[in-house]
Ligand code: ADP
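Below, the structure written as structure tokens:
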């Protein structure tokens, strides 16, 4: 074969450090604002961020680490955490963000598995760290992210971040290396067995940042002020610490305070335009603004994902002038796979039909490909009706879990574990996680559909729909409800009202057989409803029809 003619453009590797150096060069006044554990609001520019990230890279050189060595973090969203993101990945090391909401045993497992050499943590996690230190003997240093004067006494050997970087000059040049080098590591929350690591590369991260900023994705720009409420330990805050620098948008980092009043205060005081978090966070904020009769001055877009965004929540936020961008993704997808946006051909449709499209999980952003298959891996039609196992592929989709012996792919595709349909316009709709599907008399009932209806009821705060064994139908849906506070109705009356609420909204045979009330629906470390736990709790529940 004759040799191909190569293009003659620069072969600049796609490196995470270039996001920072470009922002520092071309958006030098860009502000990064953080609510600190110290109690105040801290602000500096992206130039300061780069200076301190370089000091950190220099300080880490003292440990003679190797390219790819893992450096752990257990921290909220804040400027020091951002310095670690860039200082660690930028110097060729791997930034391993650990979810501190997991059980200590799970965290210890993750730290050992990742072979973290140094761990940076927020002081609010010091008690947890003291439990972890004896469990993780291979970690060389534990470094607390707080002003030195505020360091808490400890019997363990704990260093201070500011002291750690204090004597470095910041005179450091980001190294250039292969864009396929690993940059960061995130473990799935382990709802299905031991947590598994997704190891991102510089290339996958930069490509994901480009794609997620597109107009039909999150539509980010230099006119935005971005508040990632989704934690930096949850799939890199959905890539916002990278994509905000890519577009040159001001970044507001909320620290540990994620309650309605604290988030509202930042949205207003920092003139935030764009935010991102799982639905449960917005439920808290909506309750607060309603109770206080407040409104938003600048906040106009929010990306909601991680679990299905209930249509009722979308409508409420829209009434407050906030466009809800419903997105779907997962740790194994860096995380964004699809985003719900209209096409030109949708613009002539009526509002109701447009809403139905926007309530789905959306279209792929270029780079990701998706398909649905049946149990024999036959591809199913994209007709909006056929549903099957959702598979994806693309440059920011996982190929193999960290340290796994075999590929995670089937036939070259990554099986997501979600069940969905895709319509002819490419709009994908998740009906369930495959393990949450309710199989009733050979038909599948979508638990998400039923939950979406239930949370539209004025007295329902949160709803989980689970399957309960049934002698005739195999499984039937049971609705587990967390009520809003201060209701006058008795449980019996409310139950009848909720079941009546379903009439006309879903097919008769899909209406749940029963409703139970609990004080709090248990959530996973990433804010999803713990259906496994609920299924266990209600496995012997007597349905009224039996
Ligand atoms: P884990 O909780 O297992 O660590 P992730 O946080 O990566 O995993 O969550 C990925 C899963 O979350 C998806 O496979 C899907 O089931 C669910 N998910 C994410 N976004 C949405 C959405 N918009 N609608 C419904 N489910 C979603």
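Residue numbers (my numbering): 1045 to 1590. Glycine included, every Cβ here is placed at the ideal spot set by N, Cα and C. Owing to the predicted nature of the structure, the values given are computational and were not obtained by experimental measurement.
- Shown here, residue 1429 sits in coil according to DSSP, grouped into three states, outside any helix or strand.
- In its chain, beyond the 5 residues on either side, 1322, 1570, 1571 and 1572 have a beta carbon closer than 7 Å to the beta carbon of residue 1350.
- Taking a C-beta distance under 8 Å as the contact criterion, residue 1328 and residue 1344 do not qualify as a contact pair.
- In this structure, DSSP gives residue 1318 an extended state, which the three-state scheme calls strand.
- Counting the other CB atoms within 10 Å of its CB gives residue 1107 a total below 16, which places it among the exposed residues.
- Taking C-beta separations shorter than 6 Å and ignoring five residues to either side along the sequence, the partners of residue 1187 in its chain run 1164, 1203, 1205 and 1208, following chain order.
- Residue 1474 has its CB nearer than 7 Å to a heavy atom of the ligand ADP.
- Judged by DSSP secondary structure, residue 1153 falls within the alpha helix (DSSP H) whose first and last residues are 1148-1158.
- Straight through space, the alpha carbons of residue 1475 and residue 1493 are spaced by roughly 7 Å.
- In this structure, 1294 is the residue among 1134, 1294 and 1241 with its C-alpha nearest to the C-alpha of residue 1267.
- Taking each of 1274, 1465 and 1357 in turn and checking the Cα distance to residue 1423, the smallest one comes out for 1465.
- According to DSSP, residue pairing for residue 1573 in a beta bridge involves 1567.
- In the DSSP assignment, residue 1360 falls within the unbroken alpha helix (DSSP H) covering 1355-1363.
- Less than 8 Å divides the Cβ of residue 1526 from the Cβ of residue 1506.
- In this structure, residue 1282 sits near residue 1380, with a CB-CB distance shorter than 8 Å.
- Pairing residue 1523 with residue 1512 gives a Cβ-Cβ distance that is not under 8 Å.
- When the Cα atoms are used, residue 1461 and residue 1148 turn out to be separated by approximately 26 Å.
- In the DSSP assignment, residue 1507 falls outside any alpha helix (DSSP H) and within the unbroken beta strand (DSSP E) covering 1504-1514.
- The closest CA to that of residue 1255, considering only 1278, 1233, 1288 and 1481, is found on 1288.
- With fewer than 16 other Cβ atoms from the protein chains shown falling within 10 Å of its own Cβ, residue 1450 counts as exposed.
- In summary, residue 1430 is exposed, with fewer than 16 beta-carbon neighbours lying within 10 Å of its beta-carbon over all protein chains present.
- Per the DSSP secondary-structure output, residue 1272 pairs in a beta bridge with 1320.
- Taking 8 Å as the upper bound for CB-CB distance, residue 1556 and residue 1538 are not in contact here, some 14 Å apart.
- DSSP places residue 1418 in no beta strand (DSSP E); its state is neither H nor E.
- Spanning the alpha carbons of residue 1084 and residue 1075 requires a straight line of approximately 16 Å.
- Annotation for residue 1438 indicates a beta carbon at 7 Å or more from all heavy atoms of the ligand ADP.
- Per DSSP, reduced to three states, the secondary structure at residue 1121 is strand.
- In this structure, 1232 is the residue among 1341, 1232, 1120 and 1086 with its C-alpha nearest to the C-alpha of residue 1568.
- Annotation for residue 1491: the continuous alpha helix (DSSP H) segment containing it runs 1491-1498.
- For residue 1099, the enclosing alpha helix (DSSP H) covers residues 1090-1105.
- A check of alpha carbon separations from residue 1158 across 1220, 1112 and 1128 identifies 1112 as the nearest.
- In the assembly as shown, residue 1223 is a buried residue. Its beta-carbon has 16 or more other beta-carbons within 10 Å.
- Annotation note: the stretch 1284-1308 contains the following uninterrupted beta strand (DSSP E) runs of length 3 or greater, listed N- to C-terminal: 1294-1297.
- In the displayed model, residue 1439 falls within coil according to three-state DSSP, outside both helix and strand.
- Cα atoms of residue 1376 and residue 1063: separation of roughly 22 Å, rounded to the nearest angstrom.
- Residue 1154 is positioned such that its CB atom lies no closer than 8 Å to that of residue 1162.
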